[in-house]
Amino acid sequence: MTELPRFAPPSVPQGWDKVARPPTGAVWTAVEPVDLARPDRFRANLVLTVDDLGGLSFRDWQVVSDEVLPTMLQDYLLVDLERLEVDGLPGGRRLAHHIDQAARALTMEQWFVADGDRGWTLTATVETWSYDELAGELAEVAAAWRPVTGVGAGDQP
Amino acid sequence: MIDTQDGVVRLDDAGVAALLGGGDLDEAAAAELAAAGLRPALDTLRRPVVTLEVHVAGSSLQLHRIAVDAERAVVLLAVRPGLHQLMVLPPSHVAAALVRITRTGPRRSPASGPRPAPADAPSLLLSDDADVRHDALRAVSATLAWRLRVAWDAEHRDLVVVDGADGMHVLDEEDGALLPVSATTLYRLFSTALPPEALEPRA
Numbered sequence: 001m002t003e004l005p006r007f008a009p010p011s012v013p014q015g016w017d018k019v020a021r022p023p024t025g026a027v028w029t030a031v032e033p034v035d036l037a038r039p040d041r042f043r044a045n046l047v048l049t050v051d052d053l054g055g056l057s058f059r060d061w062q063v064v065s066d067e068v069l070p071t072m073l074q075d076y077l078l079v080d081l082e083r084l085e086v087d088g089l090p091g092g093r094r095l096a097h098h099i100d101q102a103a104r105a106l107t108m109e110q111w112f113v114a115d116g117d118r119g120w121t122l123t124a125t126v127e128t129w130s131y132d133e134l135a136g137e138l139a140e141v142a143a144a145w146r147p148v149t150g151v152g153a154g155d156q157p
Numbered sequence: 158m159i160d161t162q163d164g165v166v167r168l169d170d171a172g173v174a175a176l177l178g179g180g181d182l183d184e185a186a187a188a189e190l191a192a193a194g195l196r197p198a199l200d201t202l203r204r205p206v207v208t209l210e211v212h213v214a215g216s217s218l219q220l221h222r223i224a225v226d227a228e229r230a231v232v233l234l235a236v237r238p239g240l241h242q243l244m245v246l247p248p249s250h251v252a253a254a255l256v257r258i259t260r261t262g263p264r265r266s267p268a269s270g271p272r273p274a275p276a277d278a279p280s281l282l283l284s285d286d287a288d289v290r291h292d293a294l295r296a297v298s299a300t301l302a303w304r305l306r307v308a309w310d311a312e313h314r315d316l317v318v319v320d321g322a323d324g325m326h327v328l329d330e331e332d333g334a335l336l337p338v339s340a341t342t343l344y345r346l347f348s349t350a351l352p353p354e355a356l357e358p359r360a
């Protein structure tokens, strides 16, 4: 098993659960609790991933992301894309719409920053009808996220 | 004309008028719709919970209509003058449809600051008269303007946006101002355009 890089996780949104074993490709995941009345409902989630940039610049990394996302996500529709500072470094935010296999309308919001050869991406995915309600809290979590300067002795991979 | 060949439903103005009118469809149109499985869509068009109308004004003036009930959203997309396309979507897909119809998306730089809005801006920007419309667009440095009208029961609310090289600005009619607005803010408005009872997944 490949050793995970040291990382500083974001905070867990109020009432959500941190996933003990993140899915393949993720270093950290938090999910909305199951709706017991509607257990089949999509669970909003927050996923932290890290890419080995292999010498790509920040810009080239994001150009690749813009090319790859529409091939991975069905009916992908880019809504917004902006440059902003993440943890004091040049980063960005992307907002997009797509659907899943059950044709549920999903909204994906990503915050990303490059630290040397590591590209950190925090991805929130929520059902579109609940995006407006969750957007503020997700933005706060992203604003407080310190992927580069937050790695300290107490952080766990 | 209602044509359902190739899995794409195309209509002319008369076809749209026939669908939206309350009367019986002629036999050929009714058969065409039934064969394409569109009788439920006709019910939604004629008895919607919410209707959305998007006027998009630029070099031409287009009117896109969406009728929504708890089961589906039926989009009558204006393709070009005299030609429309009918699409049936889950209600939760309306936000994405509005993004596409209004061409909302990332802009190179944030919108410039607030600016005064001309008096009577919506009627000038959305005028049928191309000269009036173009003058109004030029006056606000925009190449495109649109109005989303969401109506339910006897109420409606409007959102008017102008879009140009200086970014997108939303009309604040009360203060007579055009205020900078981001694609994210517009998307949040689109995602809440429908009342929850029309959007929530059915149990």
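Taken in order, these protein sequences are the chains called Z and G. Take the first sequence: its letter number 135 is residue 135 in my numbering, and every next letter is one higher. Take the second sequence: its letter number 122 is residue 279 in my numbering, and every next letter is one higher. Backbone N, C-alpha and C fix where the C-beta goes; we use that ideal spot for every residue, glycine too.
With its beta carbon at least 8 Å from every one in chain Z, serine 269 of chain G lies outside the interface. Tryptophan 145 of chain Z has a beta carbon lying at 8 Å or more from every beta carbon in chain G. Interface with chain Z (8 Å Cβ-Cβ cutoff): glycine 172 of chain G is excluded.
Runs of the beta strand (DSSP E) spanning 3 or more residues and lying entirely within the segment 3-68 of chain Z occur at 28-31, 45-52, in chain order. With a cutoff of 8 Å on beta-carbon distance, arginine 222 of chain G and leucine 246 of chain G are scored as not near each other. In the three-state reduction of the DSSP assignment, glycine 270 of chain G falls in the coil class, being assigned neither a helical nor a strand state.
About 7 Å separates the CB atoms of leucine 138 of chain Z and proline 13 of chain Z; that is less than 8 Å, so the two are in contact. For leucine 199 of chain G, the enclosing alpha helix (DSSP H) has its first and last residue at 196-203. In the DSSP assignment, glutamate 133 of chain Z falls within the alpha helix (DSSP H) that extends over 128-144. In terms of Cβ geometry, arginine 306 of chain G and leucine 209 of chain G form a close pair [threshold 8 Å].
Cβ proximity to chain G below 9 Å picks out Asp75, Leu77, Leu78, Val79 from the segment 53-79 of chain Z. Annotated as proximal: leucine 48 of chain Z and phenylalanine 7 of chain Z, with beta-carbon spacing under 8 Å. In chain order, Ser249, Ala252, Ser348 make up the part of chain G whose C-beta sits under 7 Å from the C-beta of threonine 128 of chain Z.
With its beta carbon less than 8 Å from one in chain Z, arginine 257 of chain G belongs to the interface. Among the residues of chain G, none has a CB under 8 Å from the CB of alanine 142 of chain Z; the nearest is roughly 13 Å distant. Closer than 7 Å at the C-beta level to chain G, one finds these residues of the segment 85-103 of chain Z: Leu95, His97, Ala103.
Assignment of arginine 257 of chain G by DSSP, reduced to helix, strand and coil, places it in the helix class. Linking valine 166 of chain G to proline 248 of chain G through their CA atoms gives a straight-line distance of about 19 Å. Nearest C-alpha to alanine 276 of chain G among G/Asp286, G/Asp329, G/Leu301: G/Asp329.
Within its own chain, the residues whose Cβ lies closer than 8 Å to the Cβ of proline 33 of chain Z, once the five positions on either side in sequence are excluded, are Gly15, Trp16, Asp17, Arg43, listed in chain order.
Secondary structure at arginine 345 of chain G: helix, using DSSP grouped into helix, strand and coil. Membership of histidine 313 of chain G in the beta strand (DSSP E) is indicated by the continuous run 312-321.
The DSSP-derived three-state label of glutamine 162 of chain G is helix. Contact between aspartate 75 of chain Z and histidine 98 of chain Z holds, since their C-beta atoms are separated by about 6 Å, short of 8 Å. Around the CB of arginine 265 of chain G, fewer than 16 other CB atoms lie within 10 Å, so the residue is classed as exposed. Between the beta-carbon of isoleucine 159 of chain G and that of glycine 172 of chain G there is about 4 Å, and that keeps the pair under the 8 Å contact cut. Within its own chain, the residues whose Cβ lies closer than 7 Å to the Cβ of leucine 336 of chain G, once the five positions on either side in sequence are excluded, are Pro271, His326, Val327, Asp329, listed in chain order.
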